[in-house]
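For reference, the structure is listed below as structure tokens.
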Amino acid sequence: MLTELSQYLRTQQRAAVRDLSYRFDIAPEALRGMLDLLEQRGRIRKLPAHTPCGGCTSCDPAQIELYEWVG
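In the working numbering, the protein residues as written are 1 to 71.
Next comes the structure, spelled out in structure tokens:
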């Protein structure tokens with residue numbers, strides 16, 4: 001699962017926890033554990049609050065939790 005998550009983030013470059021949760025059919029709480037591990041390994045970084053996702057703009061930016069691939 002961690003490998004699939006890494007590959008997805010590498011391909012997409014940026015993703016919201018909510019979108020990752022739907023994509024991998026896993027609870028956000030469980031997903032955060034994997035994201036924390038990838039962040040500790042220097043593969044991803046959590047973006048600051050209010051960072052726009054660049055998507056549809058229908059979500060409140062304050063409610064979006066974004067991660068970005070850094071390699």
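We put the beta carbon where it would ideally sit given N, CA and C, even for glycine.
In the same chain as ARG45, and ignoring 5 residues on each side of it, the C-beta atoms closer than 8 Å to its own belong to GLU39, TYR67, GLU68, VAL70, in chain order. Here DSSP, grouped into helix, strand and coil, assigns LEU47 to coil.
Sorting GLU29, THR11, LEU2, ARG43 by C-alpha distance to the C-alpha of VAL17 places GLU29 at the top. Straight-line measurement puts the Cα of ALA27 at about 22 Å from the Cα of PRO48. Distance from SER21 to LEU35 at the Cβ level is roughly 11 Å; contact not present, criterion being Cβ atoms closer than 8 Å.
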